[in-house]
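Q: Let me give you the structure first, and then I'll get to my questions.
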Amino acid sequence: KAGVTQTPRYLIKTRGQQVTLSCSPISGHRSVSWYQQTPGQGLQFLFEYFSETQRNKGNFPGRFSGRQFSNSRSEMNVSTLELGDSALYLCASSLEHFSGNTIYFGEGSWLTVV
Amino acid sequence: GNSVTQMEGPVTLSEEAFLTINCTYTATGYPSLFWYVQYPGEGLQLLLKATKADDKGSNKGFEATYRKETTSFHLEKGSVQVSDSAVYFCALIDGNQFYFGTGTSLTVIP
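See the structure below:
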């Protein structure tokens with residue numbers, strides 16, 4: 827069974843641009859959550875989508891947004907990129923809304939903002 | 006609020022040494038607890054979990070016991086290998102969000 831797939835794996839963007847990251851969950855999983863990992867802040871929760879609806883949101887500015895499609899695939903968008911947005915962005919999926927369930931992580935998308 | 010506190014690293018051990026990585030938590034409800042491992046250049050992988058008090062999670066020689074009385078979930082392994090070198094994250098789910106510790110980097114030297 828294929829795992830969580832994230833694309834692209836690596837990308838470089840210029841300050842002020844916007845970026846879209848994609849996540850395909852494990853087949854049958856309906857919940858997708860996103861995380862930002864940086865050396866300084868560690869691993870921080872961005873948001874979770876379940877059945878095409880955002881269920882929970884972490885403490886990030888509105889420049890960070892996402893959506894989920896009917897096939898459970900999810901995209902995350904960051905607009906007006908800042909240098910501090912350089913990070914590893916991880917996506918994770920779980921069968922249901924992740925409370926109490928195990929989540930499975932993808933390998934992440936490395937974003938560098940220059 | 007909810008939070009997870011891990012012992013700070015980095016931790017360097019010789020092969021076959023005993024490993025303990027401390028993790029304590031604060032939660033308003035009855036969380037499930039997890040240890041995730043991140044190998045260099047990879048995403049996080051579930052190492053083990055426990056969903057209620059006194060449960061012991063175990064995998065690949067690693068163990069952790071959910072201690073409600075001390076709000077702890079310490080990770081242990083009796084004999085580490087070079088291949089265990091990675092960053093270890095303690096985490097909890099309570100309600101609608103995942104909370105992660107800051108991670109503990111482990112290096113095992115031959």
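Going line by line, the protein sequences match chains A and B.
If you read the first sequence in the numbering used here, its first letter stands for residue 827, the second for the next number, and so on.
If you read the second sequence in the numbering used here, its first letter stands for residue 6, the second for the next number, and so on.
Glycine included, each C-beta is placed from N, C-alpha and C at the ideal position.
Since the model is a prediction, treat every value here as computed from it, not as a measurement.
1. Across the stretch 26–36 of chain B and the stretch 885–900 of chain A, are there enough close Cβ pairs to call them in contact, namely three or more that are closer than 8 Å?
2. For Gly62/B, which three-state DSSP category applies?
3. Please return the same chain residues whose Cβ sits closer than 8 Å to the Cβ of Lys61/B, not counting the five positions on each side in sequence.
4. So, is the C-beta of Phe886/A closer than 8 Å to a C-beta in chain B?
5. Tyr875/A CB to nearest chain B CB: under 8 Å?
6. Excluding five sequence neighbours on each side, which residues of the same chain lie with their C-beta closer than 8 Å to the C-beta of Glu922/A?
7. Excluding the 5 residues preceding and the 5 following Met902/A in the sequence, name in chain order all residues of the same chain whose CB lies nearer than 6 Å to its CB.
8. Which chain A residues sit within Cβ distance under 7 Å of Gly48/B?
9. For Phe871/A, which residues in chain B fall below 7 Å Cβ to Cβ?
10. Quick one: is Lys73/B near chain A, going by C-beta distance under 8 Å?
11. Among Gln863/A, Trp936/A, Thr928/A, Leu937/A, which residue has its Cα nearest to the Cα of Ile852/A?
12. List, in order along the chain, the chain B residues whose C-beta lies closer than 8 Å to that of Ser859/A?
13. Please name the residue in Ala918/A, Leu909/A, Tyr836/A, Phe871/A whose C-alpha comes closest to that of Phe886/A.
14. Where Thr938/A and Asp59/B are concerned, what is the direct C-alpha to C-alpha distance, given to the nearest angstrom?
15. With DSSP as the reference, please indicate the residues paired to Ser935/A in a beta bridge.
16. Can you tell me the Cβ-Cβ gap for Arg835/A and Glu933/A, rounded? I've got them flagged as a contact below 8 Å.
17. Quick check: what's the CA-CA separation for Glu21/B versus Ser90/B?
A: In terms of the structure at hand:
1. In this structure the stretch 26–36 of chain B does not touch the stretch 885–900 of chain A; the number of beta carbon pairs closer than 8 Å is below three.
2. Of the three classes helix, strand and coil, the one that applies to Gly62/B here is strand, per DSSP.
3. These residues qualify, in order along the chain: Ala55, Glu68, Ala69, Thr70, Tyr71.
4. No, no contact with chain B.
5. It does not: the Cβ of Tyr875/A has no partner Cβ on chain B nearer than 8 Å.
6. Counting only Cβ-Cβ distances below 8 Å, and skipping sequence neighbours, we find Arg856, Ser857, Phe876.
7. Hits under 6 Å: Leu847, Trp860, Gly892.
8. Correct list: Leu916, Phe931, Gly932, Glu933, Gly934.
9. Result: Gln102, Phe103.
10. No, its Cβ sits nowhere closer than 8 Å to a Cβ of chain A.
11. For the options Gln863/A, Trp936/A, Thr928/A, Leu937/A, the alpha carbon positioned closest to that of Ile852/A is the one of Thr928/A.
12. Under the 8 Å cutoff, chain B gives Phe103.
13. Check the Cα spacing between Phe886/A and each of Ala918/A, Leu909/A, Tyr836/A, Phe871/A: the tightest is with Phe871/A.
14. Taking the straight line from one Cα to the other gives about 43 Å.
15. Residue pairing by DSSP puts Ser935/A in a beta bridge opposite Tyr915/A.
16. About 7 Å; that satisfies the 8 Å criterion.
17. Per the coordinates, the alpha-carbon of Glu21/B lies some 12 Å from the alpha-carbon of Ser90/B.
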